[in-house]
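Visitor: Just so you know, the sequence shown maps onto residues 304 to 417 in the numbering used here.
Even glycine gets a Cβ: it sits at the ideal position worked out from N, Cα and C.
Computed from a predicted structure; not experimentally measured.
Have a look at the structure that comes next, please.
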Amino acid sequence: MSTPDPRPNREPEDELKARSETARAGGSAKYAEKLRQEHKLPVRRRLELLLDPDVLIEDGLLAHSEESGYGADGVVTVIGRIEGRTVCVMANDPTVKAGSWGPRTVEKIVRIQE
Numbered sequence: 304m305s306t307p308d309p310r311p312n313r314e315p316e317d318e319l320k321a322r323s324e325t326a327r328a329g330g331s332a333k334y335a336e337k338l339r340q341e342h343k344l345p346v347r348r349r350l351e352l353l354l355d356p357d358v359l360i361e362d363g364l365l366a367h368s369e370e371s372g373y374g375a376d377g378v379v380t381v382i383g384r385i386e387g388r389t390v391c392v393m394a395n396d397p398t399v400k401a402g403s404w405g406p407r408t409v410e411k412i413v414r415i416q417e
């Protein structure tokens, strides 16, 4: 009789990490390069500069990611702090569908407003 492997199945965790990294990367490298050439910062970098460090909760990172291949559905919604005050921020990601709204965008905006 064989002994079951005591190590947990890491496949779901690894898949979640990979999908999250892809979502955080935004759209294609072509559009990220266009931002760089225009001397603009990527959306998550702008949020890092705006918000207090180490206090950031992103909601809907994987919204619509299975259908579109991109995460966040073109809009980043976060809860963070500015000078200690809790704030909610919504920012379009121009590297994903040129920042246009997708099927989950309105849901994400309503959730962050609530």
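Here's a check: name, in chain order, each residue in its chain whose Cβ is nearer than 8 Å to the Cβ of Leu354, leaving out the five neighbours to either side.
Guide: These residues qualify, in order along the chain: Val381, Gly383, Arg384, Ile385, Val390 and Val392.
Visitor: With respect to the alpha helix (DSSP H) encompassing Val414, which residues constitute its N-terminal and C-terminal limits?
Guide: A small correction: the amino acid at residue 414 is Arg; Val does not occupy that position in the sequence shown. Per DSSP, Arg414 is one residue of the alpha helix (DSSP H) stretching across Thr408 to Gln416.
Visitor: Is it true that the CB of Gly377 sits closer than 9 Å to the CB of Lys400?
Guide: Pairing Lys400 with Gly377 gives a Cβ-Cβ distance under 9 Å.
Visitor: Alpha carbon to alpha carbon, how far is Gly330 from Leu359?
Guide: 21 Å
Visitor: State yes or no: is the C-beta of Pro406 within less than 9 Å of the C-beta of Tyr334?
Guide: No; because the gap between Cβ atoms is not below 9 Å, this pair is not in contact.
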